[in-house]
Structures are given as C-alpha cells and as structure tokens.
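Student: Top to bottom, those sequences are chains A and B. For the first sequence, counting from 1, position 54 maps to 77 in the numbering used here; every step adds exactly one. For the second sequence, counting from 1, position 62 maps to 85 in the numbering used here; every step adds exactly one. For each residue, glycine too, the CB sits at the ideal point set by N, CA and C.
Protein chains: 2
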Amino acid sequence: MSSAAPRYAEDYRVGDVFDLGSIVVTKEEIVEFSQKWDPQPFHVNELSAERSAFGGIIASGWHVTLLMMRMMNDSGFISPETSLGSPGHDGLKWLKPVRPGERLSGTAKISEVRISKSKPELGFVTHIATLRNEASEEVYILKSTSIVKSRAAKPR
Amino acid sequence: MSSAAPRYAEDYRVGDVFDLGSIVVTKEEIVEFSQKWDPQPFHVNELSAERSAFGGIIASGWHVTLLMMRMMNDSGFISPETSLGSPGHDGLKWLKPVRPGERLSGTAKISEVRISKSKPELGFVTHIATLRNEASEEVYILKSTSIVKSRAAKPR
Chain A
24 MSSAAPRYAE DYRVGDVFDL GSIVVTKEEI VEFSQKWDPQ PFHVNELSAE RSAFGGIIAS
84 GWHVTLLMMR MMNDSGFISP ETSLGSPGHD GLKWLKPVRP GERLSGTAKI SEVRISKSKP
144 ELGFVTHIAT LRNEASEEVY ILKSTSIVKS RAAKPR
Chain B
24 MSSAAPRYAE DYRVGDVFDL GSIVVTKEEI VEFSQKWDPQ PFHVNELSAE RSAFGGIIAS
84 GWHVTLLMMR MMNDSGFISP ETSLGSPGHD GLKWLKPVRP GERLSGTAKI SEVRISKSKP
144 ELGFVTHIAT LRNEASEEVY ILKSTSIVKS RAAKPR
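See the structure below:
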C-alpha cells in the first residue's frame, strides 16, 4: 500500500501521466492463476500451449488485468482514502500475449475529470492505462472511469 | 472441465442463450481475492466497508468478472478444444455491488458469429454475458468477442 497523501478527484489533471511501476510474472503464477479462474489449455498445459497458435504458455488476459490493478493500488494511483470503485469499462484490449518472465511496465494517462453536479462530493476520473513489454510494445490497454471523492468530501 | 463435445464457431448461433450455471461467493473469498489483487478498503476491511457508501464488504468487480470466466469454462460455453482467446472487450458494466453469500446465475447470449474470410479456420463469436442475483437483478454485463476454431479446423 502506498503511504502517499490521498488524491482527490481534483488532484488528477487531464494530460497527467502516472507511472504505475513494473512487474514480472512467472510461469508458476500464470499456471496457478489460470487453473483457478481460466483453465484454457494454452494457459495451463505446457504441451497444449506449445502446439497451440501461441507456441507456449501465455498469461490469461484477466491475469494481466489484475497485475495492472495491483500496480494501480501499489503505486498510489488508486488512493484508498478516496476511491469509490468504478461503474465499468469502455474498452479493454489484449494486444499481445504475455509470456512467463516478461517484465511489464505501466502508465495511466488522465483523459477526463468531471465533478458531479448533483453530488459535488464525487468526481469521475477517466484514464487510459497501458502496459508495455520490455521492447516497449503495448500489450494491454484499459480505458476506464473511476469514481473518486472530490475535495468537497475532504475531512476538515 | 466440461466433457461436452467441442463447440466450433458454427455451433454458436445468433440468438442462442447458454446457461452458465450459478455460483456463491463467500466473505472469506472476497477478502482473500481483494487482498491479493485489489485491496481497496471496501473489499478487504469490514469496518471501513461498513462506513463506506457500500455499507459493508463488496466483491471486487474483477472478482465478479473471474467468477463469470470460471462459469464459462465449467459450463462448457468455452470449449477447451476450440477456444483461441479474445482480443478484448467492448463493454463491461458493474451494475450492482456483489455481497458475501449472494448466489449469482449467468447466461451468455450470442449476438454475432462470423467466419474469417482470410483465415476460414477461425471464427469470431460475439456474446453478451450477464450475471443476475437471486432477485433476478442484473449485477454484471460483459460484451465480448471470442476467437473460436471453425469446423474447417476440425481434425478429420
């Protein structure tokens, strides 16, 4: 968990780019995650994966999504004091397979910030989050809106 | 894993509705999942959750997503012999919080099936998957396209 000061909706500004840090995923983690949640052969079975179009084990796209969520929490991009979750996501793209041992680096760029008119203690922060591999290729993009407390909700 | 016959792209027909079965999520599972992936206070801390807008612990939306993935695999909607993953998702909506002990029931309705012109051994199957609670309220919707082997890829 980050010990940074809480970020209210107004603290996210259009055009700001947040560094989400980086993470490496191992084959054991990929297989364990997929056995539990998404046991498709090319995620859990080495031989099937080698014979598949992917040529080897790849991470479940949902595992990649959760690695990003973890990075958003650990980097302080999501502030535990102010975050109120999300109503959903407009776009989620798995652009390239993620393979064991790859290091993924993340950023989140703010594209829109709006304070609610009817509930001025709430804001809507839209961001485009991207994970890149070591060759700087985009492997994952998530466009998302979060509900975040505004400064009007700040304890005095 | 399902022991049903493999489903090729042509076996999904526009308008078909697949029963994904049902699942119950416990408070322990909600907290354990969120501690690992999405440790926002209203997912992991009972007191913080009670004081939050949610009034108690709710499941991470990503946990709900993965419960659905598990149901899609277990029900045979995703066929291990023919599934080739997904390029991403257009729309993902968390409509209502999911609370400990709730039973969720899922369906997936096929909205489009297309066989690739350039690679006739592949099909694109678009579906709208929905989870409902015991009051039959929609709690989660995912609109998604899967890449599925067509009958042209069938072993002879």
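Please classify B/Asp42: is it buried, with 16 or more other beta-carbons within 10 angstroms of its beta-carbon, or exposed?
Tutor: Per the 10 Å Cβ criterion, exposed.
Student: Show which residues of chain A have a CB atom less than 8 Å away from the CB atom of B/Ala76.
Tutor: Result: Leu107.
Student: In whole angstroms, give me the CA-to-CA distance for B/Met91 and A/Tyr31.
Tutor: Spanning the two alpha carbons is a distance of roughly 32 Å.
Student: What number of angstroms, rounded off, separates the C-alpha of A/Glu160 from the C-alpha of A/Ser71?
Tutor: Taking the straight line joining both Cα atoms gives about 26 Å.
Student: Go ahead and pull the three-state DSSP assignment for B/Gly129.
Tutor: Three-state result, B/Gly129: strand.
Student: Check the Cβ-Cβ distances between A/Asn96 and every residue of chain B, and say whether any is below 7 Å.
Tutor: So, interface residue.
Student: For B/Pro143, count neighbouring C-beta atoms within 10 Å of its own C-beta (all shown protein chains included) and say buried if the count is 16 or more, exposed if not.
Tutor: It is exposed - the Cβ of B/Pro143 has fewer than 16 other Cβ atoms within 10 Å.
Student: Starting from A/Ile101, find everything on chain B with Cβ-Cβ shorter than 8 Å and list it in chain order.
Tutor: Gln63, listed in chain order.
Student: For A/Asn7 and B/His66, what's the separation of their Cα atoms in angstroms?
Tutor: The requested residue 7 of chain A is not part of the displayed model; chain A covers only 24 to 179.
Student: Whose Cβ in chain A lies nearer than 9 Å to the Cβ of B/Asp113?
Tutor: The answer, in chain order, is Asp113, Gly114, Leu115.
Student: Near B/Ser128, which residues of its chain fall below 6 Å by C-beta distance, leaving aside the five closest residues on each side in sequence?
Tutor: Counting only Cβ-Cβ distances below 6 Å, and skipping sequence neighbours, we find Ser45, Arg155.
Student: Report the option in A/Val48, A/Asp97, A/Asn96, A/His86 whose CA atom is closest to the CA atom of A/Lys59.
Tutor: If we check each option's Cα against that of A/Lys59, A/His86 comes out closest.
Student: Any idea what DSSP makes of A/Glu107, helix, strand or coil?
Tutor: Per the sequence shown, the amino acid found at residue 107 of chain A is Leu instead of Glu. In the structure shown, A/Leu107 sits in coil (DSSP, three-state: anything other than H, G, I, E or B).
Student: Let's test the definition: count the other Cβ atoms within 10 Å of the Cβ of A/Ser141 and tell me whether it reaches 16, buried, or not, exposed.
Tutor: Exposed.
Student: Cα separation between B/Phe77 and A/Ser109?
Tutor: Whole-angstrom Cα-Cα distance: 13 Å.
Student: Between the alpha carbons of A/Glu2 and B/Leu89, how many angstroms are there, rounded?
Tutor: Because chain A in this structure spans residues 24 to 179, residue 2 of chain A falls outside the shown range and cannot be described.
Student: Please look up how many angstroms separate the CB atoms of A/Gly111 and B/Lys116, rounded, as I've assumed it's under 8 Å.
Tutor: The Cβ separation is near 4 Å, so the contact holds.
Student: Please report how far the alpha carbon of B/Glu104 lies from the alpha carbon of A/Gly146, in whole angstroms.
Tutor: When rounded, the distance between both Cα atoms is 45 Å.
Student: Please classify A/Asp61 as buried or exposed, where buried requires at least 16 other C-beta atoms within 10 Å of its C-beta.
Tutor: Label assigned to A/Asp61: buried.
Student: Going by beta-carbon coordinates alone, are A/Val162 and A/Leu107 separated by less than 7 Å?
Tutor: No, these two residues do not count as a Cβ contact at 7 Å.
Student: Could you tell me the alpha carbon to alpha carbon distance between B/Thr192 and B/Ile101, rounded to whole angstroms?
Tutor: Nothing in the structure corresponds to residue 192 of chain B, since chain B is present only between 24 and 179.
Student: Rounded to whole angstroms, what's the CA-CA distance from A/Glu69 to A/Thr153? Just pull it up for me.
Tutor: So the alpha carbons of these two residues sit roughly 28 Å apart.
Student: In its own chain, which residues sit with a C-beta less than 6 Å from the C-beta of A/Arg174, not counting the 5 before and 5 after it?
Tutor: Taken in chain order, the residues that qualify are Tyr31, Glu33.
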